[in-house]
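Input: a single structure, listed below in structure tokens.
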Amino acid sequence: MAKPVLRPVTAAQVRRDFNDLRAVVHYTKAAHELGLWASERIMIARHFTDFTVPLLEAGCGAGRISVALHALGYQNLTAFDFAQELVEQAVFLAAERKAPITVHHADATRLDEHPAFAPTAQADRSPRFSGCLFMFNGLMQIPLRRNRRRALRQLAALCQPGAPLLFTTHDRDHSPAERTSWRLEARRWAEGKQDPRLREYGDRRFEDECGDTFMHLPDRAEILADLAATGWEHHEDHLRRELAKESAAVRAFSDECRFWAARRSG
Ligand SMILES: C[S@@+](CC[C@H](N)C(=O)[O-])C[C@H]1O[C@@H](n2cnc3c(N)ncnc32)[C@H](O)[C@@H]1O
2 MAKPVLRPVT AAQVRRDFND LRAVVHYTKA AHELGLWASE RIMIARHFTD FTVPLLEAGC
62 GAGRISVALH ALGYQNLTAF DFAQELVEQA VFLAAERKAP ITVHHADATR LDEHPAFAPT
122 AQADRSPRFS GCLFMFNGLM QIPLRRNRRR ALRQLAALCQ PGAPLLFTTH DRDHSPAERT
182 SWRLEARRWA EGKQDPRLRE YGDRRFEDEC GDTFMHLPDR AEILADLAAT GWEHHEDHLR
242 RELAKESAAV RAFSDECRFW AARRSG
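For the sequence shown, my numbering gives the first residue as 2, with consecutive numbering after it.
See the structure below:
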């Protein structure tokens, strides 16, 4: 039998992955049962100190972060995700918890084309959000660096100067096993023998109980350059384990990651 042709991962493929039933069940369960991680609570409390200002959550999935933010007392929440199945779960959970969150079906790289976010959606055209979150790696699930930069630029355009941005990434070198695996991966790229589905060094494609997943694992210099190029000033970054000791349930949901906090320049 002929081998299937492995094609480079596209945004459409990533969207299909997140609309897959296995992913929908996984993120919906986390939104209903897991809520915020200890490290997320710390970083949110540190950077989002006004409970009344408008906040935007990108890549909200089934609503885990936004619904928990409402429970903490944040009053003006807008969220969006590009996977329709997850948006429906977020809308359902927000209604169930009586959380008045506006949830849109939108792509972070194409917000300027979306009726709710396009510059014309607002009479005075001024940026309307006072803070933004893109939690649990969503930004790094956008294939190609130029598209991640596009998303960062589009979020910056919606945020007022000084607005905080919080997001997470996975490090390539947080454990000896990761360091070994990336040394081998570097050799494969140097020899042109990398997985043909990957488009940039740092990309990873794997399958687990929540289906197929694409993610890009950046190095620190890459994120610092991307923030500087897209209207954001780096504020701080920390490995999760430096912030809090997480429960077994959180560690089962997500392995080690890095929290980044930036501020809208200007
Ligand atoms: C790992 S999940 C995290 C979901 C949720 N924030 C949570 O913590 O449970 C990443 C999310 O980012 C979303 N995402 C990825 N690329 C996106 C894009 N270009 N625009 C909007 N959402 C995107 C995915 O659909 C998915 O819901």
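All residues carry an ideal CB built from backbone N, CA and C; glycine is no exception.
{"Item": "Given a cut-off of 8 angstroms, decide if Thr103 and Gln76 are closer than it, judged by their beta-carbon atoms.", "Value": "no"}
{"Item": "Using a strict less-than 7 angstroms threshold between each residue's beta carbon and the heavy atoms of ligand 1, what residues do you get?", "Value": "Ala12, Val15, Arg16, Phe19, Tyr28, Ala31, Ala32, Ala59, Gly60, Cys61, Gly62, Ala63, Arg65, Ile66, Phe81, Asp82, Phe83, Ala84, Leu87, Ala107, Asp108, Ala109, Thr110, Met136, Phe137, Asn138, Gly139, Gln142, Ile143 and Ala152"}
{"Item": "Quick one: what's Asp238 bridged to in DSSP?", "Value": "Trp261"}
{"Item": "Put Pro120 into one of helix, strand or coil per three-state DSSP.", "Value": "helix"}
{"Item": "Which runs of the alpha helix (DSSP H) spanning at least 4 residues fall entirely within the region 208-255, listed in chain order?", "Value": "221-230, 241-244 and 249-254"}
{"Item": "How should Phe260 be labelled, buried or exposed, when 16 other C-beta atoms within 10 angstroms of its C-beta is the threshold for buried?", "Value": "buried"}
{"Item": "Keeping to the same chain, check which residues put their C-beta closer than 7 angstroms to that of Arg154; ignore five residues upstream and five downstream.", "Value": "Thr231 and Gly232"}
{"Item": "Taking the alpha carbon of His217 as the reference point, which residue from Leu244, Pro144 and Asn148 has its own alpha carbon closest?", "Value": "Pro144"}
{"Item": "For Thr181, count neighbouring C-beta atoms within 10 Å of its own C-beta (all shown protein chains included) and say buried if the count is 16 or more, exposed if not.", "Value": "exposed"}
{"Item": "Hey, would you say Ala158 sits closer than 8 angstroms to Ala109, going by beta carbons?", "Value": "no"}
{"Item": "Considering only DSSP beta bridges, list what Val104 is partnered with.", "Value": "Ala80"}
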